[in-house]
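So the sequences go chain by chain: A and B.
With the numbering used here applied, the first sequence corresponds to residues 29 to 330, in that order.
With the numbering used here applied, the second sequence corresponds to residues 206 to 471, in that order.
No residue lacks a Cβ here, since even glycine has one placed at the ideal position from N, Cα and C.
As the structure is a prediction and not an experimental result, all values here were calculated from the model.
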Amino acid sequence: MDYLLHILIMVCIYSIVSMSLNILAGYTGLLSVSHAAFYGIGAYTTALLALNAGLPFWINIPAGIIISGVIAFLVAWPSLRTYDDYFVITTFAFQIIVFSILNNWVSFTGGPLGLPGIPQPDIFGIKISSHVSFLIFVLTFAVLTYIFLNRLMDSPFGRILKAIREDEIFTTSLGKDVMKFKLTAFIIGASIASISGSLYAYYISFIDPTSFTIMESIFILSIVIIGGAGNLKGSIVGSALLIFIPEMLRFVGMPNSIAANMRQIFYGLLLVMFMMFRPQGIMGKFAFGKEGGVKEEVKKDA
Amino acid sequence: MLEVSGITKHFDGVHAVDNASLKISQATITSLIGPNGAGKTTLFNIICGYIEPDKGAVQFNGKNLNGCAPHERASAGIGRTFQNMRLIKRLSALENLMLAFNYISPPLTGGDEGEGEKGEGVSENPGFIKTLFYSISRTHEIKNKEKAYELLDFVGMKDKVYEPAGSLSYGQQKLLSLACCLALDAKLLMLDEPVAGVNQETIHKILSLFRELKKSGITIFLIEHNMDAVMEISDRLIVMDEGRIIADGIPSEVKEKPEVIEAYIS
C-alpha cells in the first residue's frame, strides 16, 4: 500500500514540475532543458533553510519560489535574446553550471554526499510523516498549481504566449512586448518548478546532486512531449505514465541493476515512438513546436 | 500625421532605401507603388521599427519614433499587415482578434474608431504584477469579446468567428488582418498588399471598408501592385524605384509622369 502511495506522491511532484515546463515548452515554445536546475534550486533552498535555520515549510517553499524566480530572471534575460537551438544551448549550459555548483561547493551544498535528514514539514504542529498525509500535502500543491496555471493559460496572457510560439513578428505587430512575455513565462515556469523541488526534498528527506542532472531535465521534457505539449492535463497523464510503467519492470522480476538501464531504454524508445506516430502527445492537439511542420504541409497539399 | 525624413538604408552596399522623405496627413489614403525590389516593404519595415535605418527619422503625431521598439510603435497607433499573411493559424478568428487588444488598459469604447478622444497616445507598459492581475480578471475579457464581435461584423466575417484562421480563405485572412489592426486601435494602417491575390468581389469589399475607415478619421498607407484598385482608392500616389521616391502627388498626374512610366517599362 505504501508503495502505491509512494508512486502517487511522485506522480504529483512530477505533475507540478512538468506542468511548469509545459508553460515554457508547450505554450510559449521555449524549449528549455534547465528545468531540473530550478527543481534542484527549490529542493536545496528548502533543505538548507530547514536544516540550518529550522524554518517551517510555509517560509521555505516561498523562499524557493523567490530564489528560483530571481535566478530565472538572471538566466533568461541574456538567454532569451537567442532563438531556437541557441536558446536550448544556453539553458543546457545553465543546467550544467547548477549541477557543478551543487556537486562541488561541498561546504554549502554537501557536494556529492548531498544533504541528509531534512525534517518533515508540519502544519499547526501536526507532523506530515505518513505516506497518506504526504499524498494529501503534495496533492494540494498539485491541484493548486493546476488551477492557477489553467486559469492563467486560459487568459489573455496565455493567449499571447501561444501566439508567441506561433509567430513572434505578428505578436509584435499587435503591440505586444514579446521579450517581456517570454521572460514572465520563464520566471513563472521556474518558480513553480521550485515548488516541486521543495516537496521532493521534504518527501525523500535526502537530496543529492544526481537528482538534478541534465538527464532529469530531459526526463521532465519527455513527460511534457509525451503527455501533450500545450496541454496541462497532458502533463499529468504523462507523469503518471512515465512513472508507473517503469515500475512495472520490477514486477516482471528484473534485477535492479538491469531495470535501471531498461528504464533509460524505455524512455528513449517511448519518445522516439511518440515523435514518429503521435507527435502531439497523448492529450495534445498539435504537434510539438510551431505549426507548419513538414507533415502538416504535405497533408494540406494532398 | 506621419512624417518620414531622409531615410536611408543600405544592405551590403545596395541602397534599399535612399534618402526617402514623405509626409502623410490624417484621414487620407496613400498608395506606395513601384517595381519589385524598389524598397517599398523595406521602407514599411523601417517605419514600423523592424529595421533600423542608417540615417533619417520617423515622426508620428509629432513624436520622434527613432529608437522605439516595433511593439511600442504598434501601441502608439501604427497598425501593420504583412505581405505574407501572418495570422496565428491554429487560433480562431476571434482569438486572433483578441490578441490585438491591450488588455491592460480599459477596453476600447464602442462606436466608431478614430472618434475616441483618448488622448493618452502611447499606452505604458504594464508591470509584472499588473499583468498577472489583469490576466486573471475576466471583466476585461468579456468587454473585449463584445468589441471583437463588432469588429468581425464590420469586416463582414460574423459567421467565421470560431474558425481557425488557417482555414479561412485568402481574402478573409486579409480582412481578419485588417480587423486586427483596428482592434489595436491603430490610427494609421500600414497595409502591405491588402488586395493582392484576392478575387474581385472581395477587393470591392475591402475598398469600401477603406472608404468607411477614412471617413471615421483613420489614415491608410498601403503598398499595392493592383493598379486598378490603387487608382480607384488613392488620394495620393507615391512611386519608388531603386530605393528613391521618384514621384509623389495626385494619382492621375503621377501616372502620366515620364519617369514613372520609364520605371515601370524598364
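Host beta strand (DSSP E) of residue i (start-end)
i, result
"A/Arg109", "Counting along the chain, A/Arg109 falls outside any beta strand (DSSP E), and DSSP gives it neither H nor E."
"B/Ser236", "Ile234 to Ile238"
"B/Tyr426", "Before going further, note that residue 426 of chain B is Phe rather than Tyr in the sequence given. Thr424 to Ile428 is the extent of the beta strand (DSSP E) around B/Phe426."
"B/Gly284", "Ile283 to Thr286"
"A/Thr173", "Premise fails: A/Thr173 lies in the alpha helix (DSSP H), His159 to Met181, not in any beta strand (DSSP E)."
"A/Lys204", "Unbroken run through A/Lys204: none, as it is neither H nor E."
Contact list for residue i against chain B, beta-carbon separation under 7 Å
i, result
"A/Lys204", "His276"
"A/Phe314", "Arg295"
Backbone CA spacing between residue i and residue j [nearest angstrom]
i, j, result
"B/Val222", "B/Lys260", "10 Å"
"A/Leu141", "A/Leu36", "27 Å"
"B/Lys323", "B/Asp358", "Summary for B/Lys323: the model assigns pLDDT 35, below 50, so the residue's position carries little reliability; its value from the coordinates is reported in the next sentence. Cα-Cα distance, rounded: 24 Å."
"B/Pro456", "B/Leu270", "29 Å"
"A/Pro307", "A/Phe314", "8 Å"
"B/Ser374", "A/Gly312", "26 Å"
"A/Val265", "A/Gly186", "21 Å"
"B/Thr233", "B/Arg285", "16 Å"
"A/Leu177", "A/Leu260", "8 Å"
"B/Gly371", "B/Lys379", "12 Å"
"A/Leu58", "B/Met303", "23 Å"
"A/Leu172", "A/Ala91", "18 Å"
"A/Leu211", "B/Val444", "42 Å"
"A/Leu249", "A/Met181", "19 Å"
"B/Arg441", "B/Ile252", "18 Å"
"A/Tyr55", "A/Gly203", "20 Å"
"A/Ile69", "A/Ile246", "17 Å"
"A/Met207", "A/Ala257", "21 Å"
"B/Pro275", "B/Ile256", "9 Å"
"A/Pro283", "A/Leu269", "21 Å"
"B/Ala298", "B/Ser421", "24 Å"
"A/Ser267", "A/Tyr230", "20 Å"
Residue i classed as buried or exposed, judged by whether at least 16 other C-beta atoms fall within 10 angstroms
i, result
"A/Gln292", "exposed"
"B/Glu406", "exposed"
"A/Thr200", "buried"
"A/Ala81", "exposed"
"B/Tyr367", "exposed"
"A/Asn289", "exposed"
"A/Gly97", "buried"
"A/Pro149", "buried"
"A/Lys155", "exposed"
"A/Asp205", "buried"
"B/Lys228", "exposed"
"A/Ser285", "exposed"
"A/Phe66", "buried"
"B/Glu467", "exposed"
"B/Lys268", "exposed"
"B/Asp397", "buried"
"A/Pro106", "exposed"
"B/Arg343", "exposed"
Residues that residue i contacts on chain A, provided the C-beta gap is smaller than 8 Å
i, result
"B/Arg291", "Asp195, Ile197, Phe198 and Ser201"
"B/Arg285", "Ser201"
"B/Thr280", "The sequence given here has Ser at residue 280 of chain B, not Thr. Result: Gly203."
"B/Glu346", "Ser183 and Pro184"
"B/Asn307", "Gly203"
Closer than 9 Å at the beta carbon, the chain A residues around residue i
i, result
"B/Met303", "Pro184 and Arg187"
"B/Glu355", "Neighbours of B/Glu355 on chain A: none; closest Cβ ~18 Å, over 9 Å."
Continuous alpha helix (DSSP H) stretch holding residue i: start and end
i, result
"B/Asn250", "Lys245 to Cys253"
"B/Ile229", "Run containing B/Ile229: none in the alpha helix (DSSP H); it sits in the beta strand (DSSP E), Val219 to Ile229."
"A/Pro64", "One detail in the question is off: residue 64 of chain A reads as Ala in this sequence, not Pro. Run containing A/Ala64: His63 to Leu76, per the alpha helix (DSSP H) assignment."
"A/Thr241", "Element bounds for A/Thr241: n/a, residue is neither H nor E."
"B/Lys352", "Thr344 to Phe359"
"A/Met303", "Asn284 to Phe305"
"A/Val45", "Asp30 to Leu49"
"B/Gln264", "First-last for B/Gln264: Lys260 to Phe265, but that is the beta strand (DSSP E), not the alpha helix (DSSP H)."
"A/Lys261", "Leu260 to Phe279"
"B/Met436", "Met432 to Ile438"
"A/Val56", "Here residue 56 of chain A turns out to be Thr, not Val, going by the sequence shown. Counting along the chain, A/Thr56 falls outside any alpha helix (DSSP H), and DSSP gives it neither H nor E."
"A/Lys313", "Unbroken run through A/Lys313: none, as it is neither H nor E."
"B/Ala513", "Outside the shown range of chain B (206 to 471) lies residue 513 of chain B, about which nothing can therefore be said."
Residues that residue i contacts on chain A, provided the C-beta gap is smaller than 7 Å
i, result
"B/Leu381", "Simply none; closest approach about 11 Å."
"B/Leu389", "Leu202 and Gly203"
"B/Ala468", "Ordered by position in chain A, no residue passes the 7 Å Cβ test against B/Ala468, which lies about 30 Å from the chain."
"B/Cys487", "The structure shown does not extend to residue 487 of chain B, since chain B is modelled only from 206 to 471, so the question has no answer here."
Under 9 Å by beta carbon: chain C residues contacting residue i
i, result
"B/Ala298", "Chain labels in this structure do not include chain C; the protein chains are A and B."
Per-residue contacts from residue i into chain B (C-beta, under 9 Å)
i, result
"A/Ala191", "Ile293, Leu296, Glu300, Asn301 and Leu304"
(Q) Which runs of the alpha helix (DSSP H) at least 4 residues long sit entirely within the region 99-157 of chain A? Give them in chain order. (A) As far as the region 99-157 of chain A is concerned, its whole alpha helix (DSSP H) runs of at least 4 residues are 112-132 and 134-137.
Q.
List, from N- to C-terminal side, the alpha helix (DSSP H) runs of 4 residues or more that fit wholly inside the region 364-399 of chain B.
A. Secondary structure within the region 364-399 of chain B: the alpha helix (DSSP H) runs of 4 or more consecutive residues, fully enclosed, are 375-388 (chain order).
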